[in-house]
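> Here it is: the structure, laid out below.
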Amino acid sequence: MSMKDFTPGAFPALRPRRLRQADWTRRLVRETTLLRSDLIWALVVHDGAAARVPVPSMPGADRLSIEAAVEAAIEAEKLGIPAIAIFPQIDVKKKNALGTEAANPDGLVCRTVKAMKAAAPGVGIMVDVALDPFTDHGHDGVIEGGRILNDESVARLVDQAVVQAEAGADIVAPSDMMDGRVGAIRAALEKAGKTDTLIMSYAAKYASAFYGPYRDAIGSASVLQGDKKTYQMDPANTDEALRECALDVAEGADMLMVKPGLPYLDIIRRVKDAFALPTYAFQVSGEYAMIRAAAANGWLDEDRAIRETLGAFKRAGADGIITYFAPRAAAMLDA
Ligand code: PBG
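Counting from 1, position 251 in the sequence shown corresponds to residue 244 in our numbering; the numbering is continuous, with no gaps.
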């Protein structure tokens, strides 16, 4: 080619593929990284003796006994997974309209937290603040005449969060989407002397189809009456997510979460850009189930799909990801 055919600022002077020619160049120019330290391991616990009880819609993410959850905490410590988020399956006999079991200091969640912290004190333990595992109607709050009562629900969530913090939970994560709950929980934690307890707010949580397998796992699917659209957000909205986050930040949230994950990458980016706070994505049960199901059929390469989806959250601006894949991902990632 002669120089007169050569146009600066265009092909062939510019060949982006040069940077992709070898593994070493690709590693050298990589813009985001996914590490073990980005992971929060989501797991479901139950109060029975069986170490692991399979959940048909979440193959591989079994319900664990307290003993098995303790083993998981020890494994997390070995793998360098910084934190575990636990979700309880509560015996139907303990469920009632007000979800009173949620604030039982000797309940499943508090006993699990204590056992995990005793065995693996270096692993952060996060707990959900919401009533849905404990109510006989499956809603996250208190219900009257078909309406979810905000302020009455907040009062119960506050009791729940304080009890969890007193049991040793490091992060309380309100997933209920009631108005004003972060501020009320923060005030109660201060009053209880729990000044170091972190609040990760499920700030932008959408009324999503992707929670189905989780509701099977905790046993709320069979009891849930109606839907959660009066408190969880409309999937069509994005400005509303920023407003929810702004309120939670003002009320004392330390960390923000967007949930579900992959269908809401745009929200993660906006939240991270707007608040510059630690921001987390929840790769929820339905996202887990989709990857597992496709992989089980041989339709996609599971390890690559896990890496790519978790990496997408980092690229979108997340500082970490809550995922049922955490131990499996950790095994293929650097510390
Ligand atoms: C509700 C709650 C949900 C999840 C955790 N806590 C959603 C819901 O049932 O409405 C979802 C977790 C998942 O799907 O993995 N407090």
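Heads up, the beta-carbon is just placed ideally off N, CA and C, and yes, glycines get one too.
Report buried or exposed for Pro234, applying the criterion of at least 16 other Cβ atoms within 10 angstroms of its Cβ.
Reading the sequence as shown, one finds Ala at residue 234 and not Pro. That one is buried.
> Determine the burial state of Ser213: buried for a count of at least 16 other Cβ atoms within 10 Å of its Cβ, exposed for fewer.
The residue is buried, with at least 16 neighbouring Cβ atoms inside 10 Å.
> According to DSSP, simplified to helix, strand and coil, what is Thr188?
Here Thr188 sits in coil by DSSP.
> Classify Gly313 as helix, strand or coil using the three-state DSSP reduction.
In the structure shown, Gly313 sits in a strand (DSSP, three-state: E or B).
> For the alpha helix (DSSP H) containing Lys265, list its first residue and its last residue.
Note, Lys265: alpha helix (DSSP H), 258 to 268.
> Look up Arg29 in the DSSP assignment and give the residues it is bridged to.
Paired residues: none, contrary to the question.
> Near Val151, which residues of its chain fall below 7 Å by C-beta distance, leaving aside the five closest residues on each side in sequence?
Around Val151: Ala177, Ile178, Ala181.
> Report the option in Pro206, Ala324, Arg236, Ala323 whose CA atom is closest to the CA atom of Ile284.
When only C-alpha atoms are compared, the closest one is Pro206.
> Any heavy atom of the ligand PBG within a distance shorter than 7 Å of the CB on Asp247?
Asp247: no, Cβ never under 7 Å from the ligand PBG.
> Would you mind sorting Trp375 into buried or exposed? The rule is 16 or more other CB atoms within 10 Å of its CB.
The structure shown has nothing for residue 375, since the chain only spans -6 to 328.
> With H, G and I counted as helix, E and B as strand and the rest as coil, what does DSSP make of Ser146?
Ser146: helix per DSSP, three-state reduction.
> Can the beta-carbon of Gly92 be found less than 8 Å from the beta-carbon of Leu217?
In this structure, Leu217 does not lie closer than 8 Å to Gly92 by Cβ.
> Between Pro253 and Glu280, how many whole angstroms is the CB-CB distance? I'm expecting something under 8 Å.
Right, the Cβ-Cβ distance comes to about 6 Å (below 8 Å), so this counts as a contact.
> Are there any heavy atoms of the ligand PBG lying less than 7 Å away from the beta-carbon of Ala35, as far as the coordinates show?
Answer for Ala35: yes, Cβ within range of the ligand PBG.
> On a CA-only basis, which of Asp40, Phe(-1), Thr128, Trp34 is nearest Ala78? Give me that one, please.
For the residues Asp40, Phe(-1), Thr128, Trp34, the minimum Cα distance to Ala78 belongs to Trp34.
> Since I believe Cys238 is in contact with Ala269 (beta carbons under 8 Å), could you give me their beta-carbon distance rounded to a whole number of angstroms?
Ala269 to Cys238, Cβ: 11 Å. No contact.
> Judging by CA-CA distance, which residue of Gly310, Phe306, Ile192, Asp296 is the nearest neighbour of Ala323?
Comparing Cα positions, the closest option is Asp296.
> Would you say Tyr224 touches the ligand PBG, meaning its beta carbon is less than 7 Å from a heavy atom?
The answer is no for Tyr224.
> Are there any heavy atoms of the ligand PBG lying less than 7 Å away from the beta-carbon of Arg179, as far as the coordinates show?
Not so, every heavy atom of the ligand PBG lies at least 7 Å from the Cβ.
> Out of Asp232, Arg45, Ala274, Leu28, point me to the one whose CA is closest to Glu60's CA.
Among Asp232, Arg45, Ala274, Leu28, the Cα nearest to that of Glu60 belongs to Arg45.
> Measuring from the CB of Asp121, is there a heavy atom of the ligand PBG at a distance below 7 Å?
Yes, since a heavy atom of the ligand PBG falls inside the 7 Å radius drawn around the Cβ of Asp121.
> Can you give me the C-alpha to C-alpha distance between Arg140 and Pro47, rounded to a whole angstrom?
Spanning the two alpha carbons is a distance of roughly 34 Å.
> Going by C-alpha distance, which of Pro1, Ser50, Gly186, Gln276 is nearest Gly313?
Of the candidates Pro1, Ser50, Gly186, Gln276, the one whose C-alpha sits nearest the C-alpha of Gly313 is Gln276.
> Which whole-angstrom value is the C-beta distance of Ala274 and Ile261, which I expect to be below 8 Å?
With 8 Å as the limit, Ala274 and Ile261 qualify as a contact, their Cβ atoms being about 6 Å apart.
> Can you tell me which residues form a DSSP beta bridge with Ala76?
Per DSSP, Ile33, Gly117.
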